[in-house]
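Taking it in order: structure first as structure tokens, then the write-up.
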Amino acid sequence: MKKIENLFLLVLLLAACDSKKADTQDDGNRADTADSVCVADTGLNLSAEISDGLTNKNVDEFFGDFIFSFIQDRRLQVERVRFPLKYVKMTAGKQITSVIEKNAWKHERIFVSPEYYTVLFNNEDQMELENSTETKVVDIEKINLKKNFIKVFHFEKVNGLWMLCQESEHPMGKSPLAEFLDFYRKFASDSLMQRKSIEDPLRFVTADPENDFGTIEGTLSVDQWFAFKPVLPENEITNIRYGQSYKNPNHIVFVKRGISNGMLDVLTFTKKDGQWKFVSYEN
Numbered sequence: 011m012k013k014i015e016n017l018f019l020l021v022l023l024l025a026a027c028d029s030k031k032a033d034t035q036d037d038g039n040r041a042d043t044a045d046s047v048c049v050a051d052t053g054l055n056l057s058a059e060i061s062d063g064l065t066n067k068n069v070d071e072f073f074g075d076f077i078f079s080f081i082q083d084r085r086l087q088v089e090r091v092r093f094p095l096k097y098v099k100m101t102a103g104k105q106i107t108s109v110i111e112k113n114a115w116k117h118e119r120i121f122v123s124p125e126y127y128t129v130l131f132n133n134e135d136q137m138e139l140e141n142s143t144e145t146k147v148v149d150i151e152k153i154n155l156k157k158n159f160i161k162v163f164h165f166e167k168v169n170g171l172w173m174l175c176q177e178s179e180h181p182m183g184k185s186p187l188a189e190f191l192d193f194y195r196k197f198a199s200d201s202l203m204q205r206k207s208i209e210d211p212l213r214f215v216t217a218d219p220e221n222d223f224g225t226i227e228g229t230l231s232v233d234q235w236f237a238f239k240p241v242l243p244e245n246e247i248t249n250i251r252y253g254q255s256y257k258n259p260n261h262i263v264f265v266k267r268g269i270s271n272g273m274l275d276v277l278t279f280t281k282k283d284g285q286w287k288f289v290s291y292e293n
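Add 10 to a position in the sequence shown, counting from 1, and you land on the number used in our numbering.
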């Protein structure tokens with residue numbers, strides 16, 4: 011009887027661990043459970059629609075590899091758009107739905123710069139999602155800070171291939187990051203406001219020149235920051251939603267990553283006493 015009781019307790023313990031693990035994975039990659047657009051269409055058979063030409067490029071393991079090919083290769087881009095492409099626009103509290111036909115498609119660059127893109131995370135651990143091969147749904151948000159609206163490109167991995175399944179547009183105020191985005195717009199464009207928002211001293215992390223895998227940590231004064239700070243986009247930024255959620259609205263990691271040039275700038279912001287502060291910089 012004692013052995014049976016012990017076995018029962020072991021089963022319960024393992025089940026609890028599996029449940030906890032599943033909860034953690036769901037929190038870290040929530041986009042995988044988002045509503046599907048491609049496969050939800052009634053009667054859609056993507057297997058029949060996908061041509062042999064789509065499989066000629068080995069770009070589908072990582073979303074990063076795919077999206078750079080999607081942007082640069084006009085033929086691949088047309089093949090990887092699910093036409094007629096659904097377009098949903100939210101304006102004045104109303105939802106307007108239309109479609110884009112294949113003959114009306116214009117090549118889409120998506121990113122606001124050919125040299126870099128930006129991503130917003132809730133913490134540094136979420137940055138690992140960029141290298142995940144398990145992600146099946148990704149949204150790229152093109153955020154117009156000047157006009158206060160966001161255009162969303164919705165991608166899904168269907169039958170092992172990434173496809174653009176829908177585009178949408180909504181006011182910036184509908185974003186869970188609306189408050190931070192309003193702050194960032196002022197931070198990037200107003201030097202006086204930026205100076206007031208910098209934690210003094212500012213935590214600074216950079217690569218160790220004597221160790222390829224090491225880093226050096228120190229601090230910067232406000233004046234030192236302004237002496238060699240990176241260029242911060244002011245009017246438009248992107249945000250790639252690999253699945254990261256924003257449960258902590260008072261902490262944002264802003265990543266500016268170079269496209270094929272090795273550039274990386276990581277700016278961490280924390281809201282303290284009702285005010286956003288720039289607390290850490292890594293390059």
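Even glycine gets a Cβ: it sits at the ideal position worked out from N, Cα and C.
- Taking the Cα positions, Pro94 is about 25 Å away from Asn249.
- When C-beta atoms of the segment 254-265 are compared with those of the segment 218-229, fewer than three pairs fall below 8 Å, so the two segments do not count as touching.
- Note on Phe193: 16 or more other CB atoms within 10 angstroms of its CB, so buried under the neighbour-count rule.
- Counting only the Cα atoms, Ile208 lies some 38 Å from Phe80.
- A buried status is given to Asp149, since no fewer than 16 other beta-carbon atoms sit within 10 Å of its beta-carbon.
- Ranking Ser178, Glu189 and Pro240 by CA distance to the CA of Asn260 puts Glu189 first.
- Under DSSP, the beta-bridge partners assigned to Glu179 are Lys99 and Lys161.
- Looking at the DSSP output, Trp286 sits in a beta bridge with Lys281.
- Asn158 places its beta carbon 9 Å or farther from that of Asn245.
- By the neighbour-count definition (other C-beta atoms within 10 Å, threshold 16), Lys282 is an exposed residue.
- Counting only runs of 3 or more residues that sit fully inside the segment 217-278, the beta strand (DSSP E) segments are 225-230, 246-251 and 261-268, in chain order.
- Less than 9 Å separates the beta-carbon of Gly170 from that of Asp70.
- If you ignore the 5 residues before and after Leu277, its C-beta comes within less than 7 Å of the C-beta of Phe264, Phe288 and Tyr291, all in its own chain and listed in chain order.
- Taking every protein chain shown into account, the CB of Glu151 has 16 or more other CB atoms within 10 angstroms, so this residue is buried.
- Excluding its 5 nearest sequence neighbours in each direction, Gln176 has C-beta neighbours in its own chain below 6 Å: Val47, Lys96 and His164, listed in chain order.
- With contacts defined by Cβ atoms closer than 9 Å, Val98 and Ser178 form a contacting pair.
- Scanning its chain for C-beta atoms nearer than 6 Å, with the 5 sequence neighbours on each side dropped, one finds around Pro240 the residues Asp275, in chain order.
- Within its own chain, the residues whose Cβ lies closer than 7 Å to the Cβ of Asn258, once the five positions on either side in sequence are excluded, are Asn132, listed in chain order.
- The Cβ-Cβ distance between Val122 and Ile247 falls below 9 Å.
- Of the other Cβ atoms in all chains shown, fewer than 16 fall within 10 Å of the Cβ of Phe238; this residue is therefore exposed.
- Residue burial is scored here from C-beta neighbours: Thr128 has at least 16 other C-beta atoms within 10 angstroms and is therefore classed as buried.
- Within 10 angstroms of the beta-carbon of Ile160 lie 16 or more other beta-carbons, which makes it buried.
- Trp172 is bridged by DSSP to Lys167.
- Residue pairing by DSSP places Asp149 opposite His164 and Arg251 in a beta bridge.
- C-alpha of Trp115 to C-alpha of Val88: approximately 8 Å in a straight line.
- Of Glu118, Pro124 and Gln105, the smallest CA-CA separation from Met273 is found for Pro124.
- If you draw a straight line from the Cα of Val232 to the Cα of Arg213, it is about 11 Å long.
- DSSP links Phe131 through a beta bridge to Val263.
- In this structure, Ile120 is the residue among Ile120, Met100, Lys184 and Ser199 with its C-alpha nearest to the C-alpha of Leu174.
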